Amino acid sequence: MADDTDTRADGATAKDFFGTVPHATALGLTFGTIEGGTAVMSMPWAERLVGDPATGVVHGGAVSALMDTCCGAAVMSHPQMGGPTATLGLRIDYMRPATPGQTIRAEATCHHVTRTVAFVRAVAMDDDSARPVATATGTFTVSAA
Numbered sequence: 003m004a005d006d007t008d009t010r011a012d013g014a015t016a017k018d019f020f021g022t023v024p025h026a027t028a029l030g031l032t033f034g035t036i037e038g039g040t041a042v043m044s045m046p047w048a049e050r051l052v053g054d055p056a057t058g059v060v061h062g063g064a065v066s067a068l069m070d071t072c073c074g075a076a077v078m079s080h081p082q083m084g085g086p087t088a089t090l091g092l093r094i095d096y097m098r099p100a101t102p103g104q105t106i107r108a109e110a111t112c113h114h115v116t117r118t119v120a121f122v123r124a125v126a127m128d129d130d131s132a133r134p135v136a137t138a139t140g141t142f143t144v145s146a147a
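In this text, residue positions in the sequence shown follow our numbering: the first is 3, and each later residue adds one.
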């Protein structure tokens with residue numbers, strides 16, 4: 003008897019997957035919308051994430067991990083994807099320090115998928131969404147649907 007189980011990745015699958023990733027838990031990432039090739043995730047400000055105690059600014063590595071995770075979730079939720087993905091390349095441009103005490107939110111969109119590579123754009127922002135904290139472009143592996 004054939005197994006008709008749908009193995010395609012979707013928003014629920016991406017949330018379940020990233021909810022078990024240790025770094026996502028350690029950073030306190032929370033998952034908003036993850037569907038149709040887009041993802042929104044948040045990382046609340048926490049003292050343990052501060053890179054410079056004199057300013058209270060979150061370390062750039064934490065922002066990088068947030069953006070990478072959000073991009074991966076966007077790829078996993080794309081209709082052409084069939085499962086997990088891995089980062090091939092991720093370029094992050096830091097525009098300004100995140101405001102101490104504010105949650106950082108990332109929004110990512112998987113805008114193009116080929117047979118082997120998915121292309122993603124993302125932005126990270128705090129409460130001042132008109133002035134991004136960082137922007138990113140990335141490439142990720144593709145699992146066929």
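Think of the CB as a built atom: it goes at the ideal place given N, C-alpha and C, for glycine as much as any other residue.
Please read all numbers here as calculations on a predicted model, not as lab measurements.
Margin query: Can you check which of these residues, V144, S79 and S66, is closest to A100 by C-alpha distance?
Written below: S66
Note to self: Judging by CA-CA distance, which residue of P86, V144 and G62 is the nearest neighbour of P102?
What the structure shows: G62
Note to self: On the CB-based measure, 16 or more other CB atoms within 10 Å of its CB, does T71 come out buried or exposed?
What the structure shows: buried
Next item on the list: Could you tell me which residues DSSP puts in a beta bridge with A26?
Entry: Bridge partners of A26: none, in fact.
Check: On the three-state DSSP scale, how would you describe L31?
Finding: coil
Checklist line | A110 versus A41: straight-line alpha-carbon distance, rounded | finding: 5 Å
Notebook entry, point to check: Which whole-angstrom value describes the C-beta separation of V122 and C112, a residue pair presumed to lie in contact below a C-beta threshold of 8 Å?
Noted result: 5 Å
Check: What is the rounded straight-line gap between the Cα of D130 and the Cα of G53?
Finding: 20 Å
Note to self: I need the straight-line Cα distance from D95 to T139, nearest angstrom please.
What the structure shows: 9 Å
Notebook entry, point to check: What residues in its chain sit with their C-beta under 8 Å from that of G38, if we drop five residues either side in the sequence?
Noted result: G13, S79, H80 and P81
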